[in-house]
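Q: For reference, each letter of the sequence shown is one residue, going -19 to -1, 1 to 998 in mature numbering (1 follows the signal peptide of the UniProt record, and there is no 0).
Built from N, CA and C at the ideal position, the CB exists for glycine as well.
These numbers come from a predicted model, not from an experiment.
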Amino acid sequence: MAINFIAVIIVVQFMMISAQNPSRGNNATDLTALLDLKNHITEDPLGIMASWNDSSYHFCNWTGITCDPSRTRVRFLDLKAMKLVGSLPPSIGNLSFLEGINLINNSFHGQLPQEIGLLSSLKHLNLTNNMLSGSIPSNLSNCTQLTFLFLDKNQLSGQLPSQLGSLSKLEMLNLASNNLTGTFPVWFANFSSRFRRFSLAANTFHGSIPPEIGRLSSIRSFGISENQFSGELPSSIYNLSSMTQFSVTDNRLHGKIPPDVGFKYPNLVFFSWAMNNFTGEIPVSLANASRLGLIDFGVNRLTGTAPSVLGSLPFLYWINFDYNFLGKHQTGDMNFLSSLTNCTNLQLLSVISNSFGGELPSTVANLSTKLRILRLGKNEIRGNLPVGMGKLESLKLLHLGESYFTGGIPGDDIGKLTRLNGLYLAGNELTGMIPYSLGNLTSLVYLYLNRNRLQGNIPPHLGNCTSLLHLNISSNNLTGTIPKQLMNLSSLSTVLSLAQNSLSGTLPVEVSRLANLKELDVSGNKLSGAIPSTLASCLSLEILLMGGNRFTGTIPESLEALRGLEEIDFSHNNLSGKVPDFLRKLPILRKLDLSYNNLEGEVPNQGVYSNSTAVSLLGNKQLCGGAPSFHLPACSIPTRKSKKNLKLIRWLIPLTVSVAVSIVLICFLSLCYILRKPKKQQISAYSPNDSHLVISYRELHRATNGFSADNLIGSGSFGSVYKGNLEEDAGGSSSSVAVKVLKLEQKGAIKSFLAECEILRSIRHRNLLKIITVCSGFDPQGQEFKSLVTEFMANGSLDRWLHHPNRSFNIMERLNIAIDIASAVDYLHNHSHTPIIHCDLKPSNILLDEDLMAHVGDFGLAKFLLNAASRPLQNHSISIELRGSIGYIPPEYGTSTQISTLGDVYSYGILMLELFTGKRPTDNMFNNGLSIHKYVAMALPEHVMEMLHLAEEDEREIHEGREITEAQQLDSREIQCLVSVLKIGVSCSMPSAEDRMPISTVLNQLHAIRDRIRRAN
């Protein structure tokens, strides 16, 4: 009886607690599920989870939670754009009254749990822009109330489960930007008559579009762009008269665009069929679709003219007919532009690379003041550039290049386009002077005036264009001197080309201010005087072209500082003195032209001089020696007096060596004595650089704020890396460094430390991480302490950039990074004192400085190659344990104890494929025999655009249902270059080492590809 009484009391107390705190009792399941979700959140920078706690504060009041007031059960979970990182636990399936989940724009990863299929009341599921992977759960079909399903911009893979066809209430489905594959799902036709919008864009679906698509009578948005669909569109698709957005861009579809398509789709707003093989003419019937805003037929095989009736479309804001066969090479082809003056919302008009002839009508100046991009170049347009274009005040890109324009540049008009980022007038027949008003274009990034007939001086006012990255005014008839104001453009970081003009005077010593410039071309002018030694300050220079001038004097030895030089041309000048010996020390110099000067003396036979195909010495009549392939006479035998001096030198050498050996021995014995003294508080330091920086544990502790977590920038198997600030002088100035503190308890850490010290002390290259000092000793607690201090890389690792949702690269940045890495590896293999194998090339070991220049780091697994001179380098190998990182280790390392330079090439190839596809080699999609190597190899060359992971332009255009990215701006030559790049990656990552190309060949080919892309632009 007493027991029953106690039980009653417990029940009553539980009921009272439940009444007072509704988070207990029948909704305790929801509380538990939410707390479990909180436990799966690993990063919460906005502190959203602070309100999520098991207290009297009811969970219905937590951030992001909406409850059903009658049941106090969770109805909506809305955590959109909260910057959360974590995974979705299976317990989410216990929120049985949940009707909506919105986690858009976060970083949830892992698989979508099967238990989500238990949410029978779920109507809205939006997981857009996360990092979810794995397949789509088939039991989502149990969510029978689902009307909106958005899983786009994730990393989902596999085929679509056919069970989804039972979602009879589905109205919207977006699966774009994943790794999904398979054929077009026929079961789409089973969806309700309310189904109105879907997108499969940016996946790897293939095959034809089935005729059953015609059953979706209410469909308004049809998006299958960036896939591998082929064949013709079924005729039934033209029965879907409700269509407003129709995008099939970037597939392999063909056939004619129906002439009555405007009548079939009278409500069309967005019509994008670019990058396919469509033929025929642009339908005049499009004028019937009065709401049409975007027309994109770029990169097809369309013929005929551009219909003038498009001017009757009041909402038109985007017209792209690039890379077709439009026009008839005759007068009147461009008359359709006059009708477009009625389109007051027009923002982009691009018809580049067609067959339009005739002159531009003057009415082009009356186009919409909202116009931002106008590309009419690469046609057969003649006549003068139209006046009055200064009214196009919003213009950011003007491309009128590669045509037949004559006359002068209308400076009064162009100078008013102050928002202009790119001006392309190259490859015409323009005359007159470069307008001074171009100096008003302070936002200008790219200026191309090359290959015209421009005359007069280079206006100093161009020095006001402080945003310029690329300036090319070569191949004109310019005269006068090079204005010093151009040398103030520190923004120039790609090309400054003044070549093939008639410029005179000297190259200004202020050229030293162009510290970021990669290519300087002043060849083919009348420049005179000495080559300025200040060029040595242009540390980013890769290409230096000064041939065909009147330079005199010797080649300054200060140029030895330009370690990144790859090509030098000093030919056809009046240079004198010895053939520069220091040029052989430039590690990646691959082309040197010193021909037709007055150089004399012995030609070195090391470095670039060892390859006669890379060096031209013609026209220097007093040269001797060098490699036999130069066919130069032998240098003369020393005279009697020189022989006497030689004997003296031979006598002095042994004496000098003896003294040096004695000094080294004394230093060594002193060092041994010092090291034997047990000073636990004192940190010893060794620097591989000339400065021999000595640093104490206390200084490192202060520099890193006590090795605090706030300063932690990374960690690995052998140590943690902290950002530090070291004081440089008594004035208090400081510099940022990276401090790698070793985990000495980790097996192999000491060995890794010693290996990295030994490697880094013997190498120096602009694409290798620079070591500042090495510290070894004890901390204040008497624990052994070892640390490497290196230069700090402001942009972190390549891995973080490649796989971070808010960071991206454009094509040239990716190619430059690939070249930077290849340059470093080529130096290690072929140009360091002793060849070195890195053994752990991967994105996390590639660091990026503030200019996105790549630096290879982490040499803890690296090894020297011995006996390098005895056989070809790529065949060298040494016995060592398996080393490297999963996904990047070459296959032969798993079956052999030998490592080789071609093992590094394999790792580089995988890294390169990851760089351009954005996919890790360990991605979940790579299973059942599929690897990133096979994935790319099978897709080349037809599907290169579907694999590329390219950055959107800074000024990207965003439209309803579509983003216009850099990939959609490429022409066929650039695409072919990208195919070549990926083929190199495939070649480097061949399973058999014998099939891989050596890194020196890789580097040469990448340079050639980059040159082709630059010429294409």
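In chain order, what are the residue ranges of uninterrupted alpha helix (DSSP H) at least 4 long that sit wholly in the stretch 269 to 341?
A: Within the stretch 269 to 341, the complete alpha helix (DSSP H) runs of at least 4 residues are 317 to 320.
Q: Considering only C-alpha positions, which residue in the set G700, D839, N791 is nearest to L749?
A: It is D839.
Q: Which residue marks the beginning of the alpha helix (DSSP H) containing Y678, and which one marks its end?
A: Note, Y678: alpha helix (DSSP H), 678 to 684.
Q: Quick test of the definition: if touching needs 3 or more C-beta pairs under 8 Å, does the stretch 881 to 890 touch the stretch 141 to 149?
A: Contact fails: fewer than three Cβ-Cβ distances are below 8 Å.
Q: For M63, which three-state DSSP category applies?
A: Correct three-state label for M63: coil.
Q: Only counting the same chain, and skipping five residues up and downstream in sequence, which positions put a Cβ closer than 6 Å to that of A511?
A: For A511, where only same-chain residues beyond five positions count, the Cβ hits under 6 Å are G534.
Q: Buried or exposed: which applies to K397, given that a residue is buried once 16 or more other Cβ atoms fall within 10 Å of its Cβ?
A: So K397 ends up on the buried side.
Q: Note down the Cα distance separating V332 from K465, rounded to an integer number of angstroms.
A: Spanning the two alpha carbons is a distance of roughly 38 Å.
Q: For a test of the three-state rule: what should DSSP assign to H746, helix, strand or coil?
A: Note: H746 maps to coil in three-state DSSP.
Q: Relative to the alpha-carbon of L69, which residue among S77, I85, M63, Q92 has its alpha-carbon at the smallest distance?
A: Nearest C-alpha to L69: Q92.
Q: Please tell me whether V983 has its Cβ less than 7 Å away from any Cβ of chain C.
A: Annotation note: the requested chain C is absent from the structure, which comprises a single protein chain.
Q: Assess, as a yes-or-no matter, whether the stretch 809 to 825 is touched by the stretch 762 to 772 under the definition of 3 or more beta carbon pairs within less than 8 Å.
A: Result no; under three Cβ-Cβ pairs closer than 8 Å.
Q: Are the stretch 72 to 83 and the stretch 23 to 36 touching, with three or more C-beta to C-beta distances below 8 Å?
A: Too few Cβ pairs lie closer than 8 Å, so no.
Q: Kindly indicate the opening and closing residues of the alpha helix (DSSP H) around I802.
A: Note, I802: alpha helix (DSSP H), 792 to 807.
Q: Measuring straight from C-alpha to C-alpha, what distance separates K359 and K309?
A: Computed Cα separation, rounded: 14 Å.
Q: How big is the Cα-Cα spacing for Y246 and T460?
A: Their Cα atoms are separated by approximately 58 Å.
Q: Measure the alpha-carbon distance for H592 versus P561 and round it to whole angstroms.
A: In the sequence as displayed, the identity of residue 592 is Asn instead of His. Taking the straight line joining both Cα atoms gives about 16 Å.
Q: Does the contact criterion of 3 or more C-beta pairs under 8 Å hold for the stretch 496 to 504 versus the stretch 473 to 483?
A: Counting Cβ pairs under 8 Å, three or more are found: they touch.
Q: Can you list the beta strand (DSSP E) stretches of 3 or more residues lying completely in the stretch 194 to 278, in chain order?
A: Complete beta strand (DSSP E) runs here, min 3: 202 to 204, 209 to 213, 226 to 228, 233 to 237, 251 to 253, 258 to 260, 275 to 277.
Q: Can the beta-carbon of residue 1002 be found closer than 7 Å to that of H819?
A: No answer is possible for residue 1002: the residues shown for the chain start at -19 and end at 998.
Q: Leaving out five residues before and five after I354 in sequence, what residues of the same chain have Cβ atoms less than 6 Å from its Cβ?
A: Contacts found: L329, L378.
Q: In chain order, what residues of the same chain lie with their CB nearer than 8 Å to the CB of T312, ignoring the 5 residues before and after it?
A: G338, G339, E340.
Q: Let me know if A270 comes out buried or exposed under the rule of 16 or more other beta-carbons within 10 Å of its beta-carbon.
A: That one is buried.
Q: Applying the criterion that 16 or more other CB atoms from any shown protein chain within 10 Å of the CB defines a buried residue, is I990 buried or exposed?
A: Buried, since its Cβ has 16 or more Cβ neighbours within 10 Å.
Q: Within 10 angstroms of the Cβ of P118, are there 16 or more other Cβ atoms? Answer buried if so, exposed if not.
A: Looking at its Cβ environment, which holds 16 or more other Cβ atoms inside 10 Å, P118 is buried.
Q: Measure how close the beta-carbons of S552 and C519 come, nearest whole angstrom, since I'm counting them as under 8 Å.
A: No, S552 and C519 are not in contact; Cβ-Cβ is about 20 Å, not under 8 Å.
Q: With DSSP as the reference, please indicate the residues paired to F532 in a beta bridge.
A: In the DSSP output, where bridge partners are listed per residue, F532 has G510.
Q: Kindly indicate which residue of E24, G607, V720 has the alpha-carbon position closest to the one of N692.
A: That would be V720, whose Cα lies nearest to the Cα of N692.
Q: Can we say the stretch 823 to 831 touches the stretch 554 to 568, given the rule of at least three CB pairs closer than 8 Å?
A: With the cut-off at 8 Å, the stretch 823 to 831 and the stretch 554 to 568 do not touch.
Q: So, with DSSP's three-state summary, where would you put L376?
A: Coil.
Q: Closer than 6 Å by C-beta to P26: which residues in its own chain qualify, once you throw out the five before and the five after it? Chain order, please.
A: Taken in chain order, the residues that qualify are K64.
Q: Which parts of the stretch 427 to 503 are runs of the beta strand (DSSP E), unbroken and 3 residues or longer, counting only runs that do not cross its ends?
A: 427 to 429, 451 to 453, 476 to 478, 500 to 502, all fully within the stretch 427 to 503.
Q: Return the chain-ordered list of same chain residues with a C-beta closer than 6 Å to the C-beta of A170, the five sequence neighbours on each side being excluded.
A: So the qualifying residues of the chain are E193, R196.
Q: What span of residues does the alpha helix (DSSP H) with H90 cover, start to end?
A: Note, H90: premise wrong, no alpha helix (DSSP H); beta strand (DSSP E) at 88 to 92.
Q: In the DSSP output, which residue or residues are listed as bridge partners for S912?
A: Answer by DSSP bridge pairing: none, since S912 is not bridged.
Q: By DSSP, does S668 sit in helix, in strand, or in coil?
A: With a pLDDT of 37 at S668, under the threshold of 50, the predicted position of this residue should be treated as unreliable, though the coordinate-derived value follows. S668 falls in the coil class under three-state DSSP.
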